[in-house]
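A quick write-up on the structure given underneath.
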Amino acid sequence: MKDRTKYFAYPYVLWIIIFIVFPSFLVLLYSMTTKESNGLTTIQFTLENFKKFFNPLYINILWDSIYLAAISTVICLLLGYPAAYIISKAHLSKRNTLLFLCILPMWMNMLLRTYAWMTILGNNGIINNLLSFLGLPTFNMLYTRGATVMGMVYNFLPFMILPVYTALSKMDTGILEAADDLGANKYVKFRKIILPLSMPGVISGIIMVFMPAVSTFIIPQLLGGNKNMMIGNLIEKLFILNGDWNFGSSISIIMMIIILIAMSIMNKFDVDKEGGARLW
0 MKDRTKYFAY
10 PYVLWIIIFI
20 VFPSFLVLLY
30 SMTTKESNGL
40 TTIQFTLENF
50 KKFFNPLYIN
60 ILWDSIYLAA
70 ISTVICLLLG
80 YPAAYIISKA
90 HLSKRNTLLF
100 LCILPMWMNM
110 LLRTYAWMTI
120 LGNNGIINNL
130 LSFLGLPTFN
140 MLYTRGATVM
150 GMVYNFLPFM
160 ILPVYTALSK
170 MDTGILEAAD
180 DLGANKYVKF
190 RKIILPLSMP
200 GVISGIIMVF
210 MPAVSTFIIP
220 QLLGGNKNMM
230 IGNLIEKLFI
240 LNGDWNFGSS
250 ISIIMMIIIL
260 IAMSIMNKFD
270 VDKEGGARLW
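In our numbering, the protein residues as written are 0 to 279.
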C-alpha cells in the first residue's frame, strides 16, 4: 500500500506540466523568437527582445516598480506585524473572529476592492466630502503614487499578516516563561526571542507581498491613472495593445528571474522555516 500512494501524486504532476511548465515554456519560446516566427518551419531565434529591455526607458520603469513595491512591502510589514502579534495574543474565540475579519476582504474580487478605493479617494469621494463637511481643505488623492501604494498595501496586507501570525502562534511559550523567570523585560523578550522566532513568517510575508506588488497592473492603472507606469502595465500594453508578445514575454522572463533571485536572497535569512530561527 505504501508504494501505491505515489500514484496519487500523478494527477498533480500532470496538472503542473499542463498549467505551469508548458505555459512557461511558451513564454520562454516567445521571448527568444521574432514576430516573423509563424510556425516551426519559419521560427527565428534572437536575443534582441532581451537587449531591447535595457533601454533606459524600460529600466526606469523597472526601478520605479521595485521602488513602489518595496515601499508597499515595508508599510505592510509595519502594519501587519503588530496586527499579527495582537491576533496571536488574543483569546481563542476572539482570535478566530479577528482572523475572519482579516481574510474577509480577500473573498471579494481584487478589481472590485480597487474600484471601492476610487470612490474613497476621488475628488468627490468619502474622504474629501468629510473634509469639506468639517470645513477643512480637500486633497487630490486619486491618480497619485500615494494612491497606488495605498491600494497595494490594502490588497496585499493579509499576505503579510497571515504568515507572521502563523509563526507567532507556533512559538513555544515555555521560552517566554523561562525569560520571565530570568528577569527579562518586554523589550528584551521581543528583541531576543519573539522577533527571531517570527523571522520565518516575516520572510514569507515579505516574499508574498513583494512578488504580486512588483508585477501588479490593475492597481496602478485604476488608482495611479497610468501616470506612473509599472512593469505590469508595460507587459499588459505590449500583449493587449501593441500585440508584441515577444518583447512582452522577454520582460516576463526577466521579471521571473528577478523574483527568483529576490526569493533566494530572502531565503538565506530564513534559518528555520518551521518557526525556530536562532536566538543569537
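All residues carry an ideal CB built from backbone N, CA and C; glycine is no exception.
Worksheet entry | Simplified DSSP assignment, three categories, for T32 | Your numbering for residue 32 matches position 33 in the sequence shown. Here T32 sits in strand by DSSP.
Item to complete: May I have the straight-line CA-CA distance separating N266 from D243, to the nearest angstrom?
Response: Counting from 1 along the sequence shown, the entry for residue 266 is found at position 267. Counting from 1 along the sequence shown, the entry for residue 243 is found at position 244. N266 and D243: Cα-Cα distance of roughly 35 Å.
Worksheet entry | Rounded straight-line distance, which links the Cα of K188 to that of S251 | Here residue 251 corresponds to residue number 252 of the sequence shown, with the count starting at 1. Here residue 188 corresponds to residue number 189 of the sequence shown, with the count starting at 1. Those two C-alpha atoms are separated by around 44 Å.
Fill in: Beta-carbon spacing of A89, L97 below 9 Å
What you label residue 89 is simply residue 90 of the sequence shown in a count that begins at 1. What you label residue 97 is simply residue 98 of the sequence shown in a count that begins at 1. Cβ distance < 9 Å, so A89 and L97 count as in contact.
Item to complete: Find the nearest neighbour of I257 within the set T41, A183 and S214, judged by alpha-carbon distance.
Response: Taking the sequence shown and counting its residues from 1, one reaches residue 257 at position 258. Nearest C-alpha to I257: S214.
Fill in: Inter-residue spacing [alpha-carbon to alpha-carbon] between P185 and L175
As a working note, residue 185 is residue 186 in the sequence shown. As a working note, residue 175 is residue 176 in the sequence shown. The question names Pro, but residue 185 in the sequence shown is Lys. If you take the alpha carbons of K185 and L175, they lie about 10 Å apart.
Worksheet item: In the DSSP assignment, what are the bridge partners of F44?
Response: Here the question's residue 44 lines up with position 45 in the sequence shown. For F44, which the question treats as bridged, DSSP gives the partners T32.
Worksheet entry | W279 - DSSP class collapsed to helix/strand/coil | Mapped onto the sequence shown, residue 279 falls at position 280. Note on W279: pLDDT 39, under 50, position unreliable in the model; the coordinate value appears next. In this structure, W279 counts as coil in the three-state DSSP scheme.
Worksheet entry | Secondary structure, alpha helix (DSSP H): runs of 4+ residues fully inside the stretch 188-227 | 194-214 and 217-221
Worksheet item: Leaving out five residues before and five after F209 in sequence, what residues of the same chain have Cβ atoms less than 6 Å from its Cβ?
Response: The residue you call residue 209 lines up with position 210 of the sequence shown. Counting only Cβ-Cβ distances below 6 Å, and skipping sequence neighbours, we find A68 and T72.
Discussion item. With a threshold of 6 Å on Cβ separation, who are the neighbours of S30 within its own chain once the five nearest residues in sequence on each side are excluded?
Written reply: Against the sequence shown, residue 30 aligns to sequence position 31. Contacts found: N48, S248, S249 and I252.
Worksheet item: Taking the alpha-carbon positions, what's the S298 to T147 distance?
Response: Absent from the model: residue 298. The displayed extent of the chain is 0 to 279, so no value can be given.
Fill in: Beta-carbon gap between S87 and L167 smaller than 9 Å
The count along the sequence shown starts at 1 and reaches residue 87 at position 88. The count along the sequence shown starts at 1 and reaches residue 167 at position 168. Closer than 9 Å, so yes.
Discussion item. Considering Cα atoms alone, identify which of V26, G121 and S131 is closest to Y142.
Written reply: Start at 1 with the first residue of the sequence shown, and residue 142 comes out as number 143. Comparing Cα positions, the closest option is G121.
Worksheet item: So, helix, strand or coil for P136, using DSSP?
Response: Position 137 of the sequence shown, counted from the start, is the residue given in the question as residue 136. Of the three classes helix, strand and coil, the one that applies to P136 here is coil, per DSSP.
Item to complete: Could you check what DSSP says for D171 in three-state terms: helix, strand or coil?
Response: Position 172 of the sequence shown, counting from 1, holds the residue named residue 171. Of the three classes helix, strand and coil, the one that applies to D171 here is coil, per DSSP.
Worksheet item: When burial is assigned at 16 or more other CB atoms within 10 Å of the CB, is M229 buried or exposed?
Response: By one-based count along the sequence shown, residue 229 stands at place 230. Looking at its Cβ environment, which holds 16 or more other Cβ atoms inside 10 Å, M229 is buried.
Worksheet item: Between P195 and W106, what straight-line distance do the alpha-carbon atoms span, to the nearest angstrom?
Response: Taking the sequence shown and counting its residues from 1, one reaches residue 195 at position 196. Taking the sequence shown and counting its residues from 1, one reaches residue 106 at position 107. Computed Cα separation, rounded: 32 Å.
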